[in-house]
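**Student:** Sharing a structure below in structure tokens format, with a few things to ask.
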Amino acid sequence: MGETKVGIVMGSDSDMDIMSKAADVLKELEIAFEMKIISAHREPDVFFEYAKTAEERGYKVIIAGAGMAAHLPGMCAAIFPMPVIGVPIHTASLGGRDSLYSIVQMPSGIPVATVAINGGTNAGILAAKILATSDKNLLDKVKNYSLKLKEAVMKKDERLKQVGYTEYRKGLGGNGL
102 MGETKVGIVM GSDSDMDIMS KAADVLKELE IAFEMKIISA HREPDVFFEY AKTAEERGYK
162 VIIAGAGMAA HLPGMCAAIF PMPVIGVPIH TASLGGRDSL YSIVQMPSGI PVATVAINGG
222 TNAGILAAKI LATSDKNLLD KVKNYSLKLK EAVMKKDERL KQVGYTEYRK GLGGNGL
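Spelled out as structure tokens, the structure:
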């Protein structure tokens, strides 16, 4: 995969299921990344060192996931000079709205691109698209990834036509598409 291009950081290992979805996309697209667990609140010195040195370590984008107060993405954006993608993590108390608002309501001049609550997959795709603006080979991989998504939906539609909605739903366990 080569040199590290994307940093994936989360405040707790409880965020791993969501953040690993970003890693899965990057891995599929052969984009080098490094994943870390760092708490901006519990170990600010470690966090500041991470964010300050990310550029020299080859990061082009940081994907930062956080729940509740969700300061990690915004603090990364305040220090790291390149794009930061925030992933609000679902919380038991407020369903992730607290995380979403904390990440999306950044002050002027400190933008954080923000995906949906628990949107790890989209964070990985967005990071790939950002990197693809200056990498034709990666752009082709991103286009191919999108084509696979299209083909998967077309295949589902064809099955629906063949078996009908009642039988199709049985195969889903009632979970929908």
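Residues in the sequence shown are numbered consecutively from 102, following my numbering.
From the three backbone atoms N, C-alpha and C, an ideal C-beta is built for every residue, glycine too.
(1) Answer with buried or exposed for M176, where buried requires no fewer than 16 other C-beta atoms within 10 angstroms of its C-beta.
(2) Which one of I231, G265, L130 and G225 has the shortest CA to CA distance from I109?
(3) Using a Cβ distance threshold of 8 Å, determine whether the segment 191-203 contacts the segment 137-152, with at least three qualifying pairs required.
(4) Quick check on M120: does DSSP put it in helix, strand or coil?
(5) Which of helix, strand or coil does DSSP assign to P182?
(6) Give me, in chain order, the residues of the same chain whose beta-carbon lies closer than 6 Å to that of L201; leave out the 5 immediate sequence neighbours on both sides.
(7) I believe G168 touches T105 by the beta-carbon criterion, under 8 Å. Please report the beta-carbon distance rounded to the nearest angstrom.
(8) CA-CA distance, I180 and G210?
**Tutor:** Put simply:
(1) With at least 16 other beta carbons inside 10 angstroms of its own, M176 counts as buried.
(2) Looking at the Cα atoms, G225 is the closest of the given residues.
(3) As far as the Cβ criterion goes, the segment 191-203 does not touch the segment 137-152, which means the pair count is below three.
(4) M120 falls in the helix class under three-state DSSP.
(5) Shown here, P182 sits in coil according to DSSP, grouped into three states, outside any helix or strand.
(6) Contacts found: P189 and I218.
(7) Between T105 and G168 the Cβ distance is about 25 Å, and since that is not below 8 Å, they are no contact.
(8) When only Cα atoms are considered, I180 and G210 end up about 12 Å apart.
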